[in-house]
Each structure stands twice: as C-alpha cells, then as structure tokens.
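As you go down the protein sequences, you meet chains A and B in turn. Using the working numbering, the first residue of the first sequence is number 1082, and each one after it goes up by one. Using the working numbering, the first residue of the second sequence is number 54, and each one after it goes up by one. All residues carry an ideal CB built from backbone N, CA and C; glycine is no exception. Data first, discussion second: the structure below is written as structure tokens.
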Amino acid sequence: NAGVTQTPKFQVLKTGQSMTLQCAQDMNHNSMYWYRQDPGMGLRLIYYSASEGTTDKGEVPNGYNVSRLNKREFSLRLESAAPSQTSVYFCASIDRGAYGYTFGSGTRLTVV
Amino acid sequence: TQLLEQSPQFLSIQEGENLTVYCNSSSVFSSLQWYRQEPGEGPVLLVTVVTGGEVKKLKRLTFQFGDARKDSSLHITAAQPGDTGLYLCAGGNNFGNEKLTFGTGTRLTIIP
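Here it is in structure tokens:
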C-alpha cells in the first residue's frame, strides 16, 4: 500500500543510548517532516526536509539529527537519549503544490 | 511563534447529538487543515480550507474558515460512534512546502 512507513513501531531505550528512527515514503513526495506528539501539546516539528539534499530545524530540534538519505527516506537520530525524549514520533510527507500531510503510523519511544 | 488553541480539549456526548469544535489563533494562516487521529495511528487529513469565510462539508461534518483566516470550526451533525477520535487543526503559510502548526487537539468520544 502506498504511504509513509515508519520503523520501529515501539522502542524502549536507556538514558544515553542512541537510535535511529526510519521513515520511507513511496509517493514521490518532495517534502518530509518529523514531529513529536506529547499529551496536551499537540504535534511539534523537530526537523524537516523541503527537498532531497536539504534539511532544516523545526521548533524542537535539540537532541536530534536527521538525514535525508534520498527522496524516499528521511531518518531521525537520537545520539544520547534522555527521558524528556519519551514521546510518539511521526514522520510525514507532502507533495509540491499539495495541501495536507500523509503521516506514518508513528514510533512510540520510551526512554528510561 | 504561531499558536493554535483548540476547544474544548475533551468532549463526550451521546450518539445523535450535534457538536462544534473550535480552533483559534491570533495569527493569520494561508490555509487551515483538519485531521482526525485514531489510537495507534497517525493523523489523517479530513479537509483543507484556504479562503476566508470558506465552508466545506464532508457528509455530516462542516468546516468553516474564519473571515480573517485566524480561526476555524468543525461542526458534526448527529454524531456517531465512528466519529470518536482526536481532532487536530493545523495552520500553514507556505503552500506546497508546508511547516504546519498544529493545535493541541480535541478528544471526542461518542457514546452509543
């Protein structure tokens, strides 16, 4: 099925561990985004990539890095996980000239 | 920083009743989108409004964009249990390269 695929779906990390969240879309979209969702705070933008080869910081980039590997893939890396990074992470994409994101199903990350 | 406030935060009503959810900001947006999110899934786009005063209908759901493009409302007629979910509004200002600002969400429960 066409869409945005995120892996893993669940992850538990210890404080200080690192990990990469993977995201791939098969809709040939230009722009891709990483958001985090926390109770009562809505979705907040971490990083985005307007096109292949470019990345920019969003509202809450501290503690994260990203890589736009190619047009399909956009990964989010936590170098040294902290309990404050416990959240649900969503990847999204959008086509140029279109309205509305297509979201993945999310990664629920717990840092203990 | 642009902010979007949604009200109410929680709403629980009986099947068959009508309801309205509000999305307000002090900032002007070029587009306003509404998403619905179910547990364990990513948000799914319901509608986009782009013109001040615009009204769009999606079956029993009616969406309106404020004249000044700072606010929006979602009205559901004769609510059904399938309408249960988290409703998110999101404002954008860069057509085709959107960095959306999301509201805090309204969690709607329809009681059979």
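Within chain B, the residues E151 have their CB atoms less than 7 Å from the CB of I1175(A), given in chain order. Between T157(B) and E58(B), the beta carbon gap of about 7 Å places them in contact (Cβ cut-off 8 Å). Beta-carbon to beta-carbon, V81(B) and K123(B) are separated by about 6 Å, close enough to satisfy the 8 Å threshold.
Three or more beta-carbon pairs separated by less than 8 Å are not found between the segment 88-108 of chain B and the segment 61-69 of chain B, which leaves the two stretches without contact. Within the segment 90-119 of chain B, G93, E94, G95, P96, V97, L98, T101, V103 place their CB atoms closer than 8 Å to a CB of chain A, listed in sequence order. Listed along chain A are Y1180, each with a C-beta nearer than 8 Å to that of S84(B). For the segment 1116-1127 of chain A, the set of positions with a beta-carbon nearer than 8 Å to some beta-carbon of chain B reads Y1116, G1121, M1122, G1123, L1124, R1125, L1126 in chain order.
Here the segment 1159-1175 of chain A makes contact with the segment 1185-1192 of chain A; the two share three or more CB pairs at distances below 8 Å.
For F1091(A) and L1190(A), the gap between their C-alpha atoms comes out near 6 Å.
Annotated three-state conformation of S83(B) is coil, per DSSP.
In this structure, L1159(A) sits away from Y1182(A), with a CB-CB distance that is not shorter than 8 Å. Taking all protein chains in view, the Cβ of Q62(B) is surrounded by fewer than 16 other Cβ atoms within 10 Å, so the residue is classified as exposed. L153(B) is a Cβ neighbour of A143(B), given a cutoff of 8 Å. For Y1180(A), no beta strand (DSSP E) segment is defined, and its DSSP state is neither H nor E.
Under the three-state reduction of DSSP output, Q1166(A) falls in the helix class. For A1163(A), the number of other beta carbons within 10 angstroms of its own is below 16, and it is reported as exposed.
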